[in-house]
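In the numbering used here, the protein residues as written are -18 to 208. Note that the Cβ used here is the ideal one computed from N, Cα and C, for glycine as well. Down below is the structure, laid out as structure tokens.
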Ligand SMILES: Nc1ncnc2c1ncn2[C@@H]1O[C@H](COP(=O)(O)OP(=O)(O)OP(=O)(O)O)[C@@H](O)[C@H]1O
Ligand SMILES: [Mg+2]
């Protein structure tokens, strides 16, 4: 059996949303299985776009994206769905479902996987307590603060123990205590083998973990391995 070290590869990727402006101009990256990465760059440089390309929720204008050596373009729809289920995405704008409570939002990935609530209820409650949300388990997202919504979005992304976690500014709205807890959560998951990619402006976060930084500058990327 072939053992892959490369989990996701971007090969000579170009992207533009409109003909007037390129976002990426020939970038290549290798995301290793079990790795921990940061993505940085100024506002509007393309951090969210890069996360979308990595998760295959956005098709590049040109170039290839490979998952375990296979071109995403060649992967059949049902297999693509299986791959996407292995990715936990923390959206910059949270995207909690307004008609579901915090508990129901966080449990949603497990419900989608047809898991039995009696097997996961305790885990969901424990995770919500870890991210300091026990007081709003039964509240709807509109009644939560920005930081509370962000922590709920993180809990939802990690609850099903995905193979990859892509987190877009996951500490943008939370205080220092919660930011440290979130980082600890990601580190613990990384120790268990989860690949973590975090887009952030947060200098403190960048200084706390000595992980490679993928910096976006002028439609290109620069990788600082910090070793
Ligand atoms: N769906 C879209 N259609 C057209 N342009 C878009 C779209 N999404 C993003 N853009 C543009 O692409 C550029 C990169 O956007 P992106 O959201 O990736 O930046 P970012 O680095 O995540 O910024 P921020 O730090 O503010 O979150 C921006 O100029 C943005 O206006
Ligand atoms: Mg963004």
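Need the endpoints of the beta strand (DSSP E) that residue i sits in, please.
i           : result
residue 159 : Counting along the chain, residue 159 falls outside any beta strand (DSSP E), though it belongs to the alpha helix (DSSP H) covering 157 to 172.
residue 107 : Looking at the DSSP string, residue 107 is not in any beta strand (DSSP E); the run it does join, the alpha helix (DSSP H), is 98 to 111.
residue 43  : 43 to 48
residue 184 : No beta strand (DSSP E) holds residue 184; the alpha helix (DSSP H) holding it covers 184 to 189.
residue 148 : 145 to 149
residue -13 : -13 to -1
residue 180 : 176 to 180
residue 11  : 2 to 13
residue 205 : 201 to 205
residue 196 : 194 to 198
Going by DSSP, what residue range makes up the alpha helix (DSSP H) through residue i?
i           : result
residue 132 : 127 to 139
residue 92  : 83 to 93
residue 66  : 58 to 66
residue 29  : 28 to 35
residue 23  : Here residue 23 belongs to no alpha helix (DSSP H), and DSSP marks it neither H nor E.
Nearer than 8 Å: is that true of the beta carbon of residue i relative to any heavy atom of ligand 1?
i           : result
residue 135 : no
residue 198 : no
residue -2  : yes
residue 119 : no
residue 23  : yes
residue 93  : no
residue 2   : yes
residue 38  : no
residue 182 : yes
residue 31  : yes
residue 42  : no
residue -13 : no
So is residue i in contact with chain B if we call contact Cβ pairs under 9 Å?
i           : result
residue 111 : Of the chains in the structure shown, none is chain B; there is only one protein chain.
When we look at the beta-carbon of residue i and count the other beta-carbons within 10 Å, is it buried (16 or more) or exposed?
i           : result
residue 208 : exposed
residue 184 : exposed
residue 178 : buried
residue 132 : buried
residue 24  : exposed
residue 159 : buried
residue 55  : exposed
residue 127 : exposed
residue 98  : exposed
residue 26  : buried
Can you tell which of the options has its C-alpha closest to the C-alpha of residue i?
i           : options               : result
residue 86  : 105, -9, 68 and 74    : 105
residue 31  : 16, 9 and 17          : 9
residue 202 : -5, -14, -13 and -12  : -5
residue 121 : 136, 153, 78 and 145  : 78
residue 84  : 103, 66 and 68        : 103
residue 130 : 117, 141 and 140      : 117
residue 95  : -11, 168, 196 and 141 : 141
residue 48  : 146, 176, 7 and -12   : -12
residue 193 : 155, 15, 88 and -1    : 15
residue 74  : 53, 154 and 57        : 154
residue 38  : 101, 72, 18 and 12    : 72
Would you say the beta carbon of residue i is closer than 8 Å to some non-hydrogen atom of ligand 3?
i          : result
residue 26 : With respect to ligand 3, the structure offers nothing, as its ligand set consists of ligand 1 and ligand 2.
| field | Around ligand 2, Cβ to any heavy atom closer than 7 Å, ordered along the chain | value | 28, 29, 73, 149, 150 and 180
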